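Undergrad: Here it is, the structure in full.
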Amino acid sequence: MAHKKVNLPQKICPVCQRPFSWRKKWEKDWEQVIYCSEKCRRGKDKHSE
Numbered sequence: 155m156a157h158k159k160v161n162l163p164q165k166i167c168p169v170c171q172r173p174f175s176w177r178k179k180w181e182k183d184w185e186q187v188i189y190c191s192e193k194c195r196r197g198k199d200k201h202s203e
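End of the sequence shown sits at 203 in my numbering; the numbers just go up one at a time, nothing left out.
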């Protein structure tokens, strides 16, 4: 049975400008999570304007 995932915190990725939601793997350090993915984290300097 699937669980409904409602009311999860969201942030906006500064690189791709897309919203991303809280994930269990980020439970302990959600406050420090900035990027939605490794790709955005690695490409952060390429998109600075």
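All residues carry an ideal CB built from backbone N, CA and C; glycine is no exception. Keep in mind the model is a prediction, meaning the values are calculated, not measured.
Could you name the residues of the same chain whose beta carbon sits closer than 7 Å to that of W176, not counting the 5 residues immediately before and after it, in chain order?
TA: Taken in chain order, the residues that qualify are L162, P163, W184.
Undergrad: To which residues does DSSP link K165 through a beta bridge?
TA: DSSP lists F174 as partners of K165.
Undergrad: Quick one: what's got a C-beta closer than 7 Å to W180's C-beta in the same chain, skipping five residues either side?
TA: So the qualifying residues of the chain are V187.
Undergrad: What is the rounded straight-line gap between the Cα of G197 and the Cα of K182?
TA: When rounded, the distance between both Cα atoms is 24 Å.
Undergrad: Excluding five sequence neighbours on each side, which residues of the same chain lie with their C-beta closer than 8 Å to the C-beta of K159?
TA: Once the five neighbours on either side are set aside, the close Cβ partners of K159 are S175.
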